[in-house]
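Data first, discussion second: the structure below is written as structure tokens.
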Amino acid sequence: MPANELILLLFSLGAFQGVLLSVLLKVKYRRSQSGYLSLISLFFALLLAFYVAYWAKLGTPTYLLWVQYLTFLIAPLFYFLIRGISIQQATKWPTILHLLPFLVAVFVLYMPISPMFLFLLQPLHLVICVVLSFPFARGRRDNVRRWLFIPLLAYALLFVLYSIMVATKTLTLEFDYLIAVASCFFIYALLIKSYLQPQFISQLSTEEKLSTYISETVLSQIERHFKDCKPYLNGEYRLNDLSNDLSLKPYQLSEIINQKYDGFNKLLNDYRIRESIYLLKNTNEKVIDIAHLSGFNNKVSFYKSFKRATGKTPLEWRNSQKRPVNISID
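Okay, so the sequence shown: first residue is 6 according to the numbering used here, each after it adds one.
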């Protein structure tokens with residue numbers, strides 16, 4: 006058998022192994038985090054099968070060309086694992102936005118747009134996922150997140166190298182094979198370890214529960230701080246100020262707040278609206294004064310936020326709370 010055919014056969018077996026691992030991981034472990042690993046295995050196997058078809062010059066039907074962009078899904082799945090995001094959280098905004106690049110790639114693929122855009126977007130997207138994942142893996146030795154981060158980092162570096170070689174026209178078939186082999190090694194090493202060592206999956210599940218517990222604890226701290234100190238009444242209050250108040254890093258606070266409030270500004274506005282409703286109901290202050298007393302810097306943002314929350318303008322809401330007085334004349 007010619008060497009090239011043997012190599013393609015081995016890659017084909019590698020793709021089959023990925024599909025098999027995907028099924029085995031899902032059947033053996035029914036925890037939510039094993040679902041991510043199962044999907045990573047399946048997507049990488051499909052990607053590898055696509056490359057085999059390309060190398061063998063078999064041709065790929067137009068309706069299957071999207072497979073080459075599964076990298077846009079593999080990287081976010083690693084990120085979700087490293088961050089400890091449950092599958093339930095991954096289906097909520099804004100977490101689901103991490104899957105948007107894949108949808109953009111599929112859209113562009115079937116539109117009369119230059120593929121160079123996608124060629125540049127793929128390595129950039131991988132690097133972004135590595136950067137986002139790094140703070141959650143940094144300083145953690147001999148633990149599960151380090152094991153998860155290393156394959157993501159290796160895969161990103163290999164893909165960047167591949168992109169550079171393609172752009173500079175220095176990529177040879179041998180280097181293409183070598184990059185694919187290295188990618189298989191790092192990703193399948195993680196997947197095989199996950200299958201053979203049940204404690205690894207258990208650690209994933211434990212870290213997910215711990216992450217949920219930490220998030221709930223920090224959210225309780227934030228809500229208690231807002232209730233006791235009312236920092237939202239300061240129109241210039243920022244995320245960095247909250248970070249200093251609670252002695253937590255801004256990126257940690259931002260991630261946790263996004264899980265419940267869809268952003269720091271939404272959190273501020275929720276509390277400011279509550280304050281304004283109390284003032285509208287219990288004082289005779291002018292609406293513009295209530296806007297400032299509640300923490301809003303201007304009337305326009307106050308009116309927009311208030312109407313979005315209540316369906317009425319502040320004045321309409323105040324008038325709706327007034328009860329007519331029944332006077333009987335004997």
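Heads up, the beta-carbon is just placed ideally off N, CA and C, and yes, glycines get one too.
Contact annotation: R277 and S299 have beta-carbon atoms nearer than 7 Å.
Close CB contacts of S27 within its chain, under the 6 Å cut and outside five residues either way in sequence, are with S43, S46 and L47 (chain order). Positions of the alpha helix (DSSP H) runs, each at least 4 residues long and wholly inside the region 6–39, are given as 8–33 in order along the chain. Beta-carbon to beta-carbon, S325 and K317 are separated by about 7 Å, close enough to satisfy the 8 Å threshold. Shown here, S252 sits in coil according to DSSP, grouped into three states, outside any helix or strand. Here the alpha carbon of P255 sits roughly 47 Å from the alpha carbon of P66. DSSP places I101 in no alpha helix (DSSP H); its state is neither H nor E. The continuous alpha helix (DSSP H) containing Q127 extends over residues M121 to A142. Excluding its 5 nearest sequence neighbours in each direction, Y182 has C-beta neighbours in its own chain below 7 Å: I12, listed in chain order.
Distance from F164 to T76 at the Cβ level is roughly 7 Å; contact confirmed, criterion being Cβ atoms closer than 8 Å.
By the neighbour-count criterion, in which 16 or more other beta carbons inside 10 Å mark a residue as buried, S252 falls on the exposed side. Nearest to L272 by alpha-carbon distance, out of F190, L284, H230 and K304, is H230. Scanning Y59, Y41 and V24 for the CA closest to the CA of L51 turns up V24.
Note that the region 284–294 does not touch the region 243–252; fewer than 3 beta-carbon pairs, one per stretch, sit closer than 8 Å. Using a Cβ distance threshold of 7 Å, L123 and V113 count as a contacting pair.
Here G64 is exposed, its C-beta having fewer than 16 other C-beta atoms within 10 Å. Taking all protein chains in view, the Cβ of S199 is crowded by 16 or more other Cβ atoms within 10 Å, so the residue is classified as buried. With respect to the C-alpha of V132, the residue from Y34, I79 and V186 having the closest C-alpha is I79. If only complete runs of 4 or more residues are kept, the region 179–204 shows no alpha helix (DSSP H) anywhere.
For the options K265, N239 and I197, the alpha carbon positioned closest to that of E228 is the one of K265. Taking 7 Å as the cut-off, the beta carbon of A161 is found no closer than this to the beta carbon of F191. When DSSP states are grouped into helix, strand and coil, I155 belongs to the helix group.
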